[in-house]
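Asks: First the structure, which I've put down as structure tokens, then a few questions once you've had a look.
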Amino acid sequence: MSSTMAEISPRYQQVYELVRQIPPGQVATYGQIAELLGWHGQARQVGYALFRVDPDSDIPWHRVINAQGKISQTPQRQGSDALQRLLLMQEAIMFDAQDTIDLRRYRWQPVLRHAPPQESP
DNA sequence: CAATTGACGCCCA
DNA sequence: TTGGGCGCCAATT
């Protein structure tokens, strides 16, 4: 074991911590995670970070999908995309005929602390 | 130490 | 609508 696992704050660690906050039944896009971290336009870095995650990890990596509402995978992780789809369906997330998730419906919307939700206009 | 390796998203033809 | 190019950056080998 690499004893000290606390002091280092690798960039990827920020991704993992934020992804852990996505509640079951909701999803976020790579770009959304990047924006929330203040990494404008760096969605790809989020993808890189999640690629390193073990499917066994306690990180809910499956709750991150691409901006089109689809599961993003690579031939190398084949089967992992099937797993991701399964995990999402187990959280009651539905896919349409094009294997797309309705982001309007399932997108994670973190609570903004200083902007109280407005009542209906 | 240098090269390789990747789960994105946006723009333009 | 679809496909191709480009920027982004760090963990691994």
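According to the numbering used here, the first sequence holds residues 1344 to 1464 in order.
For every residue, glycine included, the Cβ atom is placed at its ideal position computed from N, Cα and C.
(1) For a minimum of 3 consecutive residues, which ranges assigned as the beta strand (DSSP E) are wholly contained in the region 1378-1419?
(2) What's the call for V1407, buried or exposed, on a 16-neighbour Cβ count within 10 Å?
(3) R1354 to S1423, Cα distance in whole Å?
(4) Check whether the Cβ atoms of G1374 and I1436 sit closer than 8 Å, and answer yes or no.
(5) To the nearest whole angstrom, what separates the beta carbons of P1398 and L1426, a pair I think is in contact under 8 Å?
(6) Using a Cβ-Cβ cutoff of less than 7 Å, which residues in the same chain neighbour I1402 once the five nearest sequence positions on both sides are dropped?
(7) Taking only three categories from DSSP, how would you classify R1448?
(8) Just the C-alpha distance for G1336 and D1439, rounded to the nearest angstrom, thanks.
Replies: Taking the definition as stated:
(1) none
(2) Residue mapping note: residue 1407 aligns to position 64 of the first sequence, counting from 1. That one is buried.
(3) Taking the first sequence and counting its residues from 1, one reaches residue 1354 at position 11. Taking the first sequence and counting its residues from 1, one reaches residue 1423 at position 80. Going from the Cα of R1354 to the Cα of S1423 covers about 24 Å.
(4) Position 31 of the first sequence holds residue 1374. Position 93 of the first sequence holds residue 1436. No, the Cβ-Cβ distance between G1374 and I1436 is not below 8 Å.
(5) Locating residue 1398 in the first sequence gives position 55, where the first residue counts as 1. Locating residue 1426 in the first sequence gives position 83, where the first residue counts as 1. Yes, P1398 and L1426 are in contact; Cβ-Cβ is about 6 Å, under 8 Å.
(6) Within the first sequence, numbered from 1, the residue matching residue 1402 stands at position 59. Y1359, V1362, R1363 and V1396, listed in sequence order.
(7) As a first step, residue 1448 is located in the first sequence; it is residue number 105 there, counting from the start. The answer is helix: DSSP assigns R1448 an H, G or I state.
(8) Nothing can be reported for residue 1336: it is not among the residues displayed for the chain, which extend from 1344 to 1464.
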